[in-house]
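*Asks:* Numbering-wise, our numbering puts 126 at position 125 of the sequence shown, and it's gapless, one number per residue. Take a look at the following structure, please.
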Amino acid sequence: MDEIFQNKLSEIAQWHEIENEGKESVFSVQFSNDIVGLVLLHSDTGPVEYQLKPLTELYASIPQDSSQNHELALLMTIEGAIKRFFQHHPSLKDTEVIKLLETLSMKPEAFLASSSVHYPLWMTIQSNLRLQLSMSPYTRQELRQAIRKILRSAKNHHFIF
């Protein structure tokens with residue numbers, strides 16, 4: 002987790018009471034298209050730029066939460082990143098996703114050269130993972146397990162005609 006990032010969110014977040022439901026804060030996150038892990042946080046107080054830490058600096062040393070919701074949040078982060086990328090790049094092929102997930106399942110913090118055909122998707126997944134791990138504690142092993150789960154699903158649903 003990234004305490005500096007969490008403090009930055011607390012500084013810009015304007016919390017509002019919701020009747021019988023607690024509090025909410027309204028802000029949005031925009032990822033840079035050019036720099037991996039660079040985010041622009043938009044809130045009522047104005048935009049704030051923040052460079053998310055690399056995955057190697059965000060891993061928890063021991064598992065913090067064994068709940069199913071904890072794992073689902075990580076799965077949704079990865080699958081959501083792939084889905085959003087596909088919405089903007091409909092020519093994305095299952096085989097490209099599978100190839101990248103195979104790489105990430107072995108080494109989630111692997112760096113791809115910008116000349117790689119998989120770089121844009123890698124950048125999207127990396128940025129989303131950095132954001133999730135900045136806010137919630139996950140070990141490297143938990144991340145690898147989540148990637149492998151999505152990889153198995155992608156392989157099971159990929160048909161070769």
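Glycine included, every Cβ here is placed at the ideal spot set by N, Cα and C.
Of the residues D3, V37, S11, F32, which one's Cα is nearest the Cα of A114?
*Replies:* By 1-based counting over the sequence shown, the position of residue 114 is 113. It is V37.
*Asks:* Considering only the alpha carbon of each residue, which of L152, Q7, D95 lies closest to L53?
*Replies:* Working through the sequence shown from its first residue, we reach residue 53 at position 52. Minimum Cα distance to L53 is reached at Q7.
*Asks:* Quick test of the definition: if touching needs 3 or more C-beta pairs under 8 Å, does the segment 53 to 71 touch the segment 137 to 151?
*Replies:* yes
*Asks:* Is H90 helix, strand or coil by DSSP?
*Replies:* As a position in the sequence shown, residue 90 is number 89, starting the count at 1. Reduced to three states, the DSSP call for H90 is coil.
*Asks:* Does the Cβ-Cβ distance between L101 and H90 come in under 7 Å?
*Replies:* Sequence index remark: in the sequence shown, residue 101 carries index 100 (1-based). Sequence index remark: in the sequence shown, residue 90 carries index 89 (1-based). Not in contact: L101 and H90 (Cβ atoms no closer than 7 Å).
*Asks:* Hey, out of E97, E22, L144, whose CA is closest to H71's CA?
*Replies:* To locate residue 71, count along the sequence shown from 1; it is residue 70. Comparing Cα positions, the closest option is L144.
*Asks:* Look up G38 in the DSSP assignment and say whether it is helix, strand or coil.
*Replies:* Looking up residue 38 in the sequence shown gives position 37. DSSP places G38 in coil when its eight states are reduced to three.
*Asks:* Between Q31 and the rest of its own chain, which residues show a CB-CB distance below 6 Å, the 5 nearest in sequence each way excluded?
*Replies:* Here residue 31 corresponds to residue number 30 of the sequence shown, with the count starting at 1. The beta carbon of Q31 sits closer than 6 Å to the beta carbons of L41 from its chain, once the five residues preceding and following it are set aside; these are given in chain order.
*Asks:* Can you look up E80 in the DSSP assignment and give me helix, strand or coil?
*Replies:* Your numbering for residue 80 matches position 79 in the sequence shown. Correct three-state label for E80: helix.
*Asks:* Since E143 is in the alpha helix (DSSP H), which residue starts that stretch and which ends it?
*Replies:* Taking the sequence shown and counting its residues from 1, the one referred to as residue 143 is at position 142. Residues 141 to 158.
*Asks:* Taking S29 as part of the beta strand (DSSP E), name the residues at either end of that continuous run.
*Replies:* Here residue 29 refers to the residue found at position 28 when the sequence shown is read from its first residue. Counting along the chain, the beta strand (DSSP E) containing S29 begins and ends at 28 to 32.
*Asks:* How many Å lie between L73 and T46 at the Cα?
*Replies:* Reading the sequence shown from its first residue, position 72 is the one you call residue 73. Reading the sequence shown from its first residue, position 45 is the one you call residue 46. Between L73 and T46, the C-alpha separation is close to 31 Å.
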